[in-house]
Every structure is written in C-alpha cells, then in structure tokens.
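The structure under discussion appears below in the form of structure tokens.
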Amino acid sequence: MLQLAVDIGWGWTLAFKTVLVLAVVPLAALVLGYTFLLKMMSHMQSRLGPMDPGGFHGWFQLVGDGIKFLQKEDVMPAEADRRVFAIAPAVVVISTFLVFVVVPTGPKLVVENLDVGVFYALAVSSLSVIGVLMAGWASANKFALLGALRAAAQLIAYELPLLLAVVGVVVQAGTMSLQGIVHAQQAGSIFGWHGIGFPFILTQFVGFLLFLVASQAELTQTPFDMPVAESELVAGYMVEYTGFRFLFFFIGEFGTAFAFAALAATLFLGGWSLPWVHGAAADLLGIPVLFAKLMLVAFLMFWVRFTYPRLREDQLQSLAWKFLIPIGLANILVTGIFKVAF
Amino acid sequence: MTSYYHSYLAVAVFVGAALLMVGAMLGVGRLVRPVRPQAEKYVTYEAGSDPVGGWGQSNVRYYVYALLFVMFDVEAVFIFPWAVHLDVLGWYGLVEMAIFIIVLTLGLVYAWRKGVLRWA
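Taken in sequence, the protein lines are chains A and B. Sequential numbering of the first sequence, starting at 1005, is according to the numbering used here. Sequential numbering of the second sequence, starting at 87, is according to the numbering used here.
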C-alpha cells in the first residue's frame, strides 16, 4: 500500500515537472530570440527594423512575429513527400525538448536525474540531424537537399569534439550524472580554499572552448551557418516551410541554444550551485543562478554569431577533423594523467 | 532496480507529452490559419523561376566522413565508462586508454594522409 502511494506521488510529480518543462522550453527559446537575436543583434549591427514596433526598444516585435506565424497558410509543395515533410519539424523540436529532461535547476529540481545524464543529453540532441535530413529530402527542392546534406555533415563532424570536450569533465567528476557533476563542483576546493567551490572551467578551459565552438556548429550559427546560408541556399532545409512548422524549427534552434548554454553552465560553471548555499535555499536560488550563468554563456555564443563571417564548407570540415578532434583527444589524456597522478 | 526503470519511464512519459504538445500546437494552427489553394503556391521554390528537373541530385561527398564518424563515435562510447571509473582503474586504465586513443589517432592520420579529409 505504501509502495502504491509512493508510486502515485511519483506519477503526479513527474506529470507536474513534464508540463512545467514543456511550457518553459518555447518560452526559453523566445527569451533567447528576443534578447539576443532581436535586441543584441540590432544594437551590434545597427538594424533599425526590430527596434521600432511598440515604441520602447521594439518590445512588440516578437509578439508580432508570433501572430504572423499563427495566421500563415500551411503551404506544402506538390512534389514533396507529404508525410515525411509534415513530421520533420516535430522530430527536431522533440529532440530539443528531450535534452531538458536531465538539466538540473536545483538539488531536487530536475525532471529525472539519469545516471548517464551528459551522455543522454548529447545523444538526444543529436537526434535532430534526422529531422533535418527528413526535411531537406522530403521538400523535393534542390536548395533544401543541399542544405540538409551540409547540415548532416556538419552536425556529425562537430558531434565528436562535443563528446570529447565533455569526457574531460566526466573524468574529473567521476560521474556522468549532471547532478553529480554539479555536486562535485560545489564540494570541491582550490588548494583547500572553499570560497567558490571548484568550477571545472579552471582546469577544463580547453574543454570549455571546444564545447563552445562545437555547440556553435551544432546550432548552425554563424560562422558555421552554411546549412542555412540565406544568401546562397536561401534557408537551406527550411526553404519550403511556412507557419507553425517553420516556427518549430525556430523553437528547435533557440531551444537547443538554451539547452547547450545550460549544459555548458552546468558542466563548467557549477550549474545551479552557489558554494555556500545548501538545502531549501539552493532549491530557491537554483533557477536564477543557473539562468544567470547560462545567459552569460549564451551571450558569448551570440556575440561570436554576430561578429564573424561565414566559413567555407571545406574549412569547416577541416577545422573539426584536423584541429578540434585531436585537441579533444589530447585533452582527455592530459586530464586522465592529472586525475591519476594527483 | 525500480528506480532505474522509473527514470527511463519518465523519459518515455516525456516523449509522449512532447508529442501531444506538438500535435496540439499544429491543431491550433490548423484552426486559426487560412486556406486559399492556388496551383502556383505549390510549385517548388527555385528563386522565382520555373523549377527544373524536379528532385535534385547531389553528390554525397561526405560519406567517408560518415564512416570516420562511426569509428570515433563508437570510440566515445568506450571512453565514457572509462572516464567514470578512472580513479578505480588508476595507471593501468590510463595506459590502456592511451594505447586505444593512439591507435585511433593513427587511423585519423592515415585517413588524413590518404586525402580523405579534403573536401573535393
């Protein structure tokens, strides 16, 4: 009977958390889209349009965009493979949602603290490649096909530096669970000094840089935005999409940006933890603390996006295979030596 | 063991909920959006001119990259459990992994020398 009661409690908690997270992800995508894409980009590149609607700093722009997406006709090209075409955006957006299952926002605030946390997060985030390929292929459009093939080549090439960058952190923490990694950073000390815990960025700075570069490519953001290069491929695999399905790709892109920023903050900057805060206070402070850290990471990612020009496709591939992967492998070995020696 | 199944049941429930949500959003979209069919709207987009040749062909240049990727991805799967238990394995585990990584790096160097990593 007790067992049953526990089970029911578990079910309700899970349902509550699920609904909460599903509501938060599109919101998170909007927050990033608003702060960075609309406002930061407008300031940095002197774009006047998005600063106009609604008066103060163009706050109405995003609402207007939302309304526009809602009333767009759903146009599906006659040549397209209808069923695959319709499902593809859903695959992309669901793979984004799934990452958030393991991102912890407090000692108890996580949908499910899987033992293989980081591994799971990277695995489900790479599912979006399938959605992208489906979209490009089913559109029966040359631009879309080219964009999708470029995207697939890029996503798999940068999947590896991402994985290798994370291994260094796993070696140091001795666990793949994201909660465990946060606790390891909170409990750690710098030569006996407990002032700020031990954020892994101190020893894994190379890993942190690898992670940022690779996630930039995974998100197909400039300077790695050849798959959606608007001036040559119009919008790559998204070219035939309109309305809500297009919005799904948008939510997928910025939701994933949010997820990767949260992962980077959790792996390298200590996640929700502040070193001297424990228990219920940590649960309360966890969300604002994580949010502050991830916005910092996101600021870096978007700063790069708005500053650098696009790379060429072959430059992109050789950067991944000839630099990032060897550096990632070396980083693992060096981290391993330090871990065993000390 | 129950908690092990519970944690993956949670993931499964989450997938279901996400599917429901995506379906609901598309459903709402269907109610709100206009439908005004015109034959021209359903022509494949090719920068304004009439599309040529229907389904495009593309040279899949990166299939060798895909093979390399499989190799390194499987390697990563092997590295993760090692990384978790490195403090138990100690120097022995470290040397083992060093050999493993060196062999793989040799593979990468071979592919590099063979010109596989040139996008041509």
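Glycine included, each C-beta is placed from N, C-alpha and C at the ideal position. All values reported here derive from a predicted model rather than from experimental measurement.
- Comparing alpha carbon positions, the residue from A/1283, A/1158, A/1257 and A/1304 closest to residue 1268 of chain A is A/1304.
- Secondary structure at residue 1200 of chain A: coil, using DSSP grouped into helix, strand and coil.
- For residue 1341 of chain A, the three-state secondary structure derived from DSSP is helix.
- Per the C-alpha coordinates, the member of A/1311, A/1300 and A/1244 positioned closest to residue 1077 of chain A is A/1244.
- The shortest C-alpha to C-alpha distance from residue 1098 of chain A to any of A/1040, A/1254 and A/1079 is the one to A/1254.
- In this structure, DSSP gives residue 1205 of chain A a state outside helix and strand, which the three-state scheme calls coil.
- Two segments are said to touch when three or more pairs of C-beta atoms, one from each, lie closer than 8 Å; by this definition the segment 1256 to 1273 of chain A touches the segment 1024 to 1039 of chain A.
- A residue is called buried once 16 or more other Cβ atoms fall within 10 Å of its Cβ, and residue 1168 of chain A is buried on that count.
- Interface annotation, residue 1077 of chain A: in contact with chain B, CB-CB separation under 7 Å.
- Between the C-alpha atoms of residue 1100 of chain A and residue 1026 of chain A there is a straight-line separation of about 10 Å.
- Interface annotation for the segment 1322 to 1341 of chain A against chain B: 1322, 1325, 1326, 1329, 1330, 1333, 1336, 1337, 1340 and 1341, criterion Cβ-Cβ distance under 8 Å.
- Of all C-beta pairs linking the segment 1081 to 1093 of chain A to the segment 1050 to 1068 of chain A, fewer than three are shorter than 8 Å, placing the two stretches out of contact.
- When beta bridges are read from the DSSP output, residue 1194 of chain A appears opposite A/1197.
- Around residue 1227 of chain A, the same chain offers 1312, 1314 and 1315 as residues with beta carbons nearer than 6 Å, after the five sequence neighbours per side are excluded.
- For residue 161 of chain B, same chain residues with a beta-carbon under 7 Å away, outside a window of 5 residues either side, are 190 in chain order.
- Considering only beta carbons, the part of the segment 1174 to 1190 of chain A lying closer than 8 Å to chain B consists of 1174, 1175, 1178, 1179 and 1180, in chain order.
- The DSSP assignment places complete alpha helix (DSSP H) segments of no fewer than 4 residues inside the segment 1268 to 1314 of chain A at 1283 to 1311, in order along the chain.
- Between the segment 1263 to 1279 of chain A and the segment 1199 to 1207 of chain A there are three or more inter-stretch CB-CB distances shorter than 8 Å, so the stretches are counted as touching.
- Against chain B, the CB of residue 1042 of chain A has no partner CB under 7 Å away; the residue lies outside that interface.
- Residue 1154 of chain A is classed as buried because its beta carbon has at least 16 other beta carbons within 10 Å across all chains shown.
- If you draw a straight line from the Cα of residue 100 of chain B to the Cα of residue 1105 of chain A, it is about 8 Å long.
- Of the other Cβ atoms in all chains shown, 16 or more fall within 10 Å of the Cβ of residue 1339 of chain A; this residue is therefore buried.
- Between the C-alpha atoms of residue 1262 of chain A and residue 1151 of chain A there is a straight-line separation of about 23 Å.
- Between the segment 1114 to 1131 of chain A and the segment 1173 to 1190 of chain A, the count of Cβ pairs shorter than 8 Å is three or higher; the stretches touch.
- Taking the CA atoms as reference points, residue 1142 of chain A sits about 9 Å from residue 1083 of chain A.
- Listed in chain order, the positions of the segment 160 to 172 of chain B with a beta carbon within less than 7 Å of a beta carbon of chain A are 162, 165, 166, 169, 170 and 172.
- The three-state reading of DSSP puts residue 132 of chain B in coil, since its state is none of H, G, I, E or B.
- Residue 173 of chain B: member of the alpha helix (DSSP H) spanning 172 to 199, first to last residue.
- The beta-carbon separation of residue 193 of chain B and residue 157 of chain B, rounded to 7 Å, stays under the 8 Å limit for a contact.
- Residues of the segment 1151 to 1165 of chain A with a Cβ closer than 8 Å to any Cβ of chain B, in chain order: 1153, 1156, 1157, 1160, 1161, 1163 and 1164.
- The residue from A/1224, A/1112 and A/1138 with its alpha-carbon nearest to that of residue 1093 of chain A is A/1138.
- Residues of chain A with a Cβ closer than 7 Å to the Cβ of residue 180 of chain B are, in chain order, 1340, 1341 and 1344.
- With a threshold of 7 Å between beta carbons, residue 1089 of chain A makes no contact with chain B.
- Taking 7 Å as the cut-off, the beta carbon of residue 1247 of chain A is found closer than this to the beta carbon of residue 1073 of chain A.
- Sequence-distant partners of residue 1343 of chain A (beyond 5 residues in either direction) whose C-beta falls short of 8 Å from its own C-beta, in its chain, are 1175 and 1176.
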